[in-house]
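Before any comments, here is the structure.
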Amino acid sequence: MLRPLFPSPFFRYSAAFRRSFTTRRADLTDDDLTAAREWLSKFNSTSVPRHIGEISFSRSGGPGGQNVNKVNSKATLKVPLDSLLPLVPPIILSPLRSSRYYAARTHSLVIQSEESRKQSANVDACYEKLHQLLMTTTKDIVPGETSLEQRERVKKLEKAGKEARIKAKKMQSSKKSSRRGSRDD
1 MLRPLFPSPF FRYSAAFRRS FTTRRADLTD DDLTAAREWL SKFNSTSVPR
51 HIGEISFSRS GGPGGQNVNK VNSKATLKVP LDSLLPLVPP IILSPLRSSR
101 YYAARTHSLV IQSEESRKQS ANVDACYEKL HQLLMTTTKD IVPGETSLEQ
151 RERVKKLEKA GKEARIKAKK MQSSKKSSRR GSRDD
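Numbering (UniProt numbering), first residue to last: 1 to 185.
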């Protein structure tokens, strides 16, 4: 049998993803999850204070005529993770460190926006990106609550599956025993 010299990159990615996903979920306690769910239900775009990080402005690239080289309209928001610690559930700090916005050297999130020609619009866009990052990170790590009806449905399906498996085993057993019993030498 011929095998490829290099394994498929999709296999390695999926295995690594499953491994990291399951270890993250295994470390979480019910108290952490309920606290994170409660925080998520109360969290909105105004929950992040404007003074949490420092904003700097620089020249934006791309088309824009006379405005491009003269006005510093690109906004960069730098939020240290230490200042985010009291505002967010502690279980999302580890996934934030693996975010594309994380700068390891400064231990902070660096978010940039140059979508508009106006500084104020770019600052608002930076804070909106931070809000979206916190929301998606929390939703990814915290599973939703299972309703009582869903739990009962799963129990019924598991019970039906077990009964079907036992029924199939009994049928197979009776088939084999009938073969053994019919031998008269």
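Don't be surprised by glycine CBs; every beta carbon is placed ideally from N, CA and C.
Is it true that the region 70-83 meets the region 101-108, where meeting means three or more beta-carbon pairs spaced less than 8 Å apart? yes
### Query
Got a sec? Which residues, its chain only, sit under 8 Å from T22 by beta carbon, not counting five neighbours each side?
Per-residue confidence for T22 stands at a pLDDT of 43, beneath the threshold of 50, marking its modelled position as unreliable; no derived number is given.
Exercise. Can you tell me which of the three DSSP states P80 falls into?
Key: strand
How many angstroms separate the CA atom of A168 from the CA atom of R179? 17 Å
- L93 classed as buried or exposed, judged by whether at least 16 other C-beta atoms fall within 10 angstroms: exposed
inquiry  = What would DSSP say about V128, mapped onto helix, strand or coil?
reply    = Note on identity: in this sequence residue 128 is Glu, with Val being the wrong assignment. Looking at E128 - three-state DSSP - the assignment turns out to be helix.
Helix or strand or just coil, what does DSSP make of S123? Reading the sequence as shown, one finds Val at residue 123 and not Ser. Three-state result, V123: helix.
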